[in-house]
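Asker: Take this structure first; my questions come after.
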Amino acid sequence: NYLYAVDSKTGEEKWKFKTGDNVFSSPAVVDGVVYFGSNDKHLYAVDMKTGEEKWKFKTGDTVTSPAVLDGVVYFGSNDGQLYAVDSKTGEEKWKFKTEGPIESSPTVVDGVVYFGSDDNHLYAIDIKTGKEKWKFETGSSVSSSPTVSDGVVYFGSWDNHLYALDIKTGQEKWKFETGGIVKSSPAFSEGVVYFSSFIKHLYAVDMKTGEEKWKFETGDTVYSSPAVLEGVVYFVQYNYHLCAVDIEAASA
125 NYLYAVDSKT
135 GEEKWKFKTG
145 DNVFSSPAVV
155 DGVVYFGSND
165 KHLYAVDMKT
175 GEEKWKFKTG
185 DTVTSPAVLD
195 GVVYFGSNDG
205 QLYAVDSKTG
215 EEKWKFKTEG
225 PIESSPTVVD
235 GVVYFGSDDN
245 HLYAIDIKTG
255 KEKWKFETGS
265 SVSSSPTVSD
275 GVVYFGSWDN
285 HLYALDIKTG
295 QEKWKFETGG
305 IVKSSPAFSE
315 GVVYFSSFIK
325 HLYAVDMKTG
335 EEKWKFETGD
345 TVYSSPAVLE
355 GVVYFVQYNY
365 HLCAVDIEAA
375 SA
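If you're matching positions, the sequence shown starts at 125 in our numbering and goes up one per residue.
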């Protein structure tokens with residue numbers, strides 16, 4: 125039920141902030157303020173130095189990880205709404221209703237916020253008006269958080285596919301079938317998109333063509349999103365193991 129601030133050098137606690145329920149949201153830190161959601165249905169803004177609450181915003185259900193840009197906090201809730209809230213005051217600027225819970229965390233690029241919903245759609249919403257620009261229907265829930273690169277948005281669906289869409293039109297460029305749920309958010313490096321699925325595989329797929337470059341069999345289901353650094357893909361398995369896969373060796 126707590127958000128913790130810990131000294132990066134010593135590991136000593138600097139402060140902790142108590143909410144009313146579990147905290148699964150990843151925090152966003154902007155201009156000295158920490159923004160995060162809780163299962164107590166609130167988004168919180170907390171002073172990063174003191175740990176004191178600046179404001180909180182109530183939704184109808186569990187809150188996703190937020191994105192913060194140009195004085196606005198964007199976040200979803202299991203109440204089916206995407207919210208845009210003033211980062212300084214906590215006042216609502218607009219909200220957009222979908223037909224299902226929102227577990228996907230939003231991504232904001234070039235004046236548009238992208239996110240998925242359990243109503244099987246990925247949405248593109250104008251950040252100034254809160255109006256829909258387009259939506260794309262998949263075969264099942266979209267809880268994967270989308271990522272954007274070079275005019276393409278990539279995301280996974282519970283229909284077992286990873287999708288690549290044109291960010292301006294919402295038209296499908298390609299999709300890749302895995303045989304298992306794709307909940308993780310994709311990561312990029314040197315023209316390759318990396319992601320996992322519930323059938324215990326990590327995939328490397330060409331970002332432009334959607335063709336498989338290689339796949340790596342994991343020892344357990346992978347819920348986490350991968351991270352890529354210096355030729356190595358890192359991810360966490362459901363059995364609590366941190367794994368590192370050498371890209372050059374996997375592609376040989």
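Note that CB positions come from ideal geometry on N, CA and C, so glycine has one too.
Note that the coordinates shown come from a computational prediction; the quantities given were computed from them, not determined experimentally.
In three-state terms, what does DSSP make of Ile249?
Answerer: strand
Asker: Roughly how many angstroms separate the alpha carbons of Gly377 and Gly144, rounded to a whole number?
Answerer: The structure shown has nothing for residue 377, since the chain only spans 125 to 376.
Asker: Secondary structure at Ala368, three-state DSSP: helix, strand or coil?
Answerer: strand
Asker: Buried or exposed for Gln295, going by 16 or more other Cβ atoms inside 10 Å?
Answerer: Taking all protein chains shown into account, Gln295 has fewer than 16 neighbouring C-beta atoms within 10 Å of its C-beta and is therefore exposed.
Asker: Are the beta-carbon atoms belonging to Glu261 and His245 less than 8 Å from one another?
Answerer: yes
Asker: Jot down the residue ranges of each uninterrupted beta strand (DSSP E) in the region 228-306, minimum 3 residues, whole runs only, in chain order.
Answerer: 231-233, 236-240, 245-250, 256-261, 271-273, 276-280, 285-290 and 296-301
Asker: Where do the ends of the beta strand (DSSP E) carrying Phe319 lie?
Answerer: Val316 to Ser321
Asker: Alpha carbon to alpha carbon, how far is Tyr238 from Val232?
Answerer: Spanning the two alpha carbons is a distance of roughly 6 Å.
Asker: Excluding the 5 residues preceding and the 5 following Ser349 in the sequence, name in chain order all residues of the same chain whose CB lies nearer than 6 Å to its CB.
Answerer: Ser308 and Ser309
Asker: From what residue to what residue does the beta strand (DSSP E) around Gly161 run?
Answerer: Val157 to Gly161
Asker: Could you spell out the range, first to last residue, of the beta strand (DSSP E) harbouring Gly200?
Answerer: Val196 to Gly200
Asker: If you reduce the DSSP assignment to three classes, tell me which class Ala373 lands in.
Answerer: helix
Asker: From the DSSP output, in three-state form, read off Tyr362 for me.
Answerer: In this structure, Tyr362 counts as coil in the three-state DSSP scheme.
Asker: What are the boundary residues of the beta strand (DSSP E) that Val154 is part of?
Answerer: Val154 -> beta strand (DSSP E) spans Ala152 to Val154.
Asker: Taking the CB atoms as reference points, tell me whether Ile323 and Gly343 lie closer together than 8 Å.
Answerer: no
Asker: What are the partner residues of Ser313, as DSSP defines its beta bridges?
Answerer: Val316
Asker: In angstroms with no decimal places, state the Cα-to-Cα distance between Glu372 and Gly240.
Answerer: Rounded to the nearest angstrom, the two C-alpha atoms are 32 Å apart.
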